[in-house]
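Colleague: Okay, handing you the structure first.
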DNA sequence: AACATATGTTAGAGACTCTTACTTTGACAA
DNA sequence: TTGTCAAAGTAAGAGTCTCTAACATATGTT
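Protein chains in written order, with the numbering used here: chain H, 1 to 211; chain C, 1 to 211.
Given below as structure tokens:
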């Protein structure tokens with residue numbers, strides 16, 4: 001069982017590692033053409049197999065995309081953990097760091113990022129996808145609580161984490177959709193993230209409960 | 001030239017109002033199946049014409065979707081203007097109102113909402129689309145300036161408007177993508193919008209410049 | 001009435017998804 | 001070593017989709 005290279009013709013009838021290579025080809029194509037213009041055929045061409053081959057490994061096209069989305073979510077989460085390592089616990093710097101990773105990921109891999117969130121139509125009940133997303137959100141909640149000096153997540157932490165998430169999520173989408181051109185809406189990412197972290201976490205809950 | 005009904009068979013060879021009915025059928029289908037699973041054929045079936053008919057009115061499938069997106073953006077903008085009428089100028093209530101319209105639109109027509117923003121890949125340079133979006137954003141900027149008691153839009157207004165936009169945009173997407181289930185992240189829309197309006201506009205620029 | 005134009009239709013090329021039936025290969029038990 | 005099975009590939013094709021080309025019909029202008 002030799003490692004079949006991506007482009008060269010393989011010598012053996014069997015491929016050796018087709019599933020992984022199809023996922024990788026799918027990921028690349030999703031970036032190149034966007035999630036909606038991805039075709040299984042093209043992925044097959046790139047992997048050097050017949051168009052029927054993927055169906056030995058995936059139920060259908062959606063499941064190939066799902067695999068890429070899941071891998072993306074795991075990578076995003078890992079990126080966050082890696083970045084967090086560089087900051088002192090319980091500081092706003094860590095909140096900012098998570099936002100930075102979030103937006104950077106979206107900008108670097110807009111196709112996969114879109115997939116990670118746009119797939120909910122068809123995979124809204126997919127446990128693995130949902131749990132991976134929840135885990136990452138839990139990370140943010142824990143960080144907010146930590147800034148408050150607690151290890152227990154309270155409702156206010158959840159609320160603030162949700163505000164942060166909504167903001168970086170919207171920012172990411174606006175960026176990759178080209179709504180924030182430098183001329184019209186200049187965004188110094190680092191400054192904005194710090195600003196928002198202060199407004200949401202740093203300042204506590206200014207006008208939250210009353211009114 | 002009689003008004004051809006949508007479903008009944010038409011009597012005349014010519015349709016009468018095909019372009020408009022195709023756009024409407026497209027809009028409905030985009031809601032029913034999502035922007036990526038929309039098919040021209042199905043729209044033709046619904047409009048009661050052959051599959052070649054649309055190409056007398058639209059260059060291709062993308063242009064049909066573009067028409068729906070544009071119509072959506074205009075409708076969103078109009079909704080905002082209508083809602084704004086009910087509030088006193090220069091108050092946070094108007095900021096909240098715009099956010100409410102934004103999120104409501106997304107929830108009511110997630111398909112069209114996705115289209116309005118996801119189309120940038122292929123139509124990023126489309127003047128009409130870009131300008132309509134810019135106009136709506138200008139509305140928010142003006143409102144922020146007005147809260148400051150000015151008719152002139154300054155950089156700080158642009159910045160705050162951008163923060164607001166990012167937030168409601170992210171919130172909208174998270175909602176329609178099912179990431180905010182009532183159990184995990186309960187969101188009282190009205191309360192959240194007021195909270196954010198206070199944090200961003202009401203409180204001025206807490207940690208913006210110096211920090 | 002004649003003609004140009006706009007707006008339909010039919011037929012079909014080419015691409016795509018996915019299935020069925022067949023083929024090749026590697027692994028393992030005897 | 002060899003026979004058998006399951007895994008993983010291929011070829012062929014059904015059915016759908018987008019879009020084009022050639023043709024048909026209605027409308028409005030002169």
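Ideal Cβ placement from N, Cα and C applies to all residues, glycine included.
How many angstroms separate the CA atom of residue 104/C from the CA atom of residue 97/C?
Modeller: Rounded to whole angstroms, residue 104/C to residue 97/C spans 10 Å at the Cα level.
Colleague: Output, in sequence order along the chain, the residues in the region 120 to 131 of chain H whose CB is closer than 7 Å to any CB in chain C.
Modeller: 120, 121, 124
Colleague: Answer yes or no: does any C-beta atom of chain H fall closer than 8 Å to that of residue 170/C?
Modeller: yes
Colleague: Quick check on residue 191/C: does DSSP put it in helix, strand or coil?
Modeller: Taken through DSSP and simplified to helix, strand or coil, residue 191/C comes out as helix.
Colleague: Could you have a look at residue 202/C and say whether DSSP puts it in helix, strand or coil?
Modeller: helix
Colleague: Kindly list, in the order they appear in chain H, the residues whose Cβ is closer than 7 Å to that of residue 166/C.
Modeller: 167, 170, 171, 174
Colleague: Quick test of the definition: if touching needs 3 or more C-beta pairs under 8 Å, does the region 14 to 30 of chain H touch the region 42 to 55 of chain H?
Modeller: By the Cβ criterion, the region 14 to 30 of chain H is in contact with the region 42 to 55 of chain H, since at least three pairs of Cβ atoms, one from each stretch, lie closer than 8 Å.
Colleague: Does residue 150/C pass the burial test, meaning 16 or more other C-beta atoms within 10 Å, or should it be called exposed?
Modeller: exposed
Colleague: Under 7 Å Cβ-Cβ, which residues of chain H neighbour residue 36/C?
Modeller: 36
Colleague: Classify residue 86/H as helix, strand or coil using the three-state DSSP reduction.
Modeller: coil
Colleague: On the three-state DSSP scale, how would you describe residue 1/C?
Modeller: Low per-residue confidence applies at residue 1/C: pLDDT is 36, beneath 50, and the placement is therefore not dependable enough to give any value.
Colleague: Residue 157/C CB to nearest chain H CB: under 8 Å?
Modeller: no
Colleague: What are the boundary residues of the alpha helix (DSSP H) that includes residue 102/C?
Modeller: 92 to 108
Colleague: Going by beta carbon distance, what residues of the same chain come within less than 7 Å of residue 89/C, once the five residues before and after it are set aside?
Modeller: 146
Colleague: If you measure between the beta carbons of residue 66/H and residue 135/H, is that distance less than 8 Å?
Modeller: no
Colleague: With a threshold of 8 Å between beta carbons, is residue 74/C in contact with chain H?
Modeller: No, because no Cβ of chain H sits closer than 8 Å to the Cβ of residue 74/C.
Colleague: Can you tell me which of 71/H, 114/H, 33/H, 86/H puts its alpha carbon nearest to the alpha carbon of residue 175/H?
Modeller: 114/H
Colleague: By the 8 Å beta-carbon criterion, what residues does the region 48 to 64 of chain C contribute toward chain H?
Modeller: none
Colleague: Taking Cβ-Cβ distances below 9 Å as the criterion, which residues of the region 182 to 201 of chain H are in contact with chain C?
Modeller: So the close ones are 184, 185, 186, 187, 191, 192, 194, 195, 196, 197, 198, 199, 200.
Colleague: Against chain H, with Cβ distances strictly below 8 Å, would residue 90/C count as a contact?
Modeller: no
Colleague: Can you grab the Cα-Cα spacing for the pair residue 75/H / residue 83/H, in whole Å?
Modeller: 12 Å
Colleague: Can you check whether the CB of residue 118/C is closer than 8 Å to the CB of residue 168/H?
Modeller: no
Colleague: Between which two residues does the alpha helix (DSSP H) harbouring residue 26/C extend?
Modeller: 18 to 33
Colleague: Does any residue of chain H have a CB that is nearer than 8 Å to the CB of residue 179/C?
Modeller: yes
Colleague: Please name the residue in 34/H, 26/H, 193/H, 62/H whose C-alpha comes closest to that of residue 162/C.
Modeller: Its Cα nearest to that of residue 162/C, the residue 193/H stands out among 34/H, 26/H, 193/H, 62/H.
Colleague: Locate the alpha helix (DSSP H) running through residue 185/C, then write down its first and last residues.
Modeller: Here residue 185/C belongs to no alpha helix (DSSP H), and DSSP marks it neither H nor E.
Colleague: What residues of chain C sit near residue 17/H, judged by a beta carbon separation below 8 Å?
Modeller: Here the premise fails: no neighbours, minimum Cβ distance about 29 Å.
Colleague: Would you kindly check if the distance between the Cβ of residue 26/H and the Cβ of residue 73/H is under 8 Å?
Modeller: Between residue 73/H and residue 26/H, the C-beta gap is not smaller than 8 Å, which leaves the two residues out of contact.
Colleague: Residues of chain C with CB under 8 Å from residue 133/H, in chain order?
Modeller: 179
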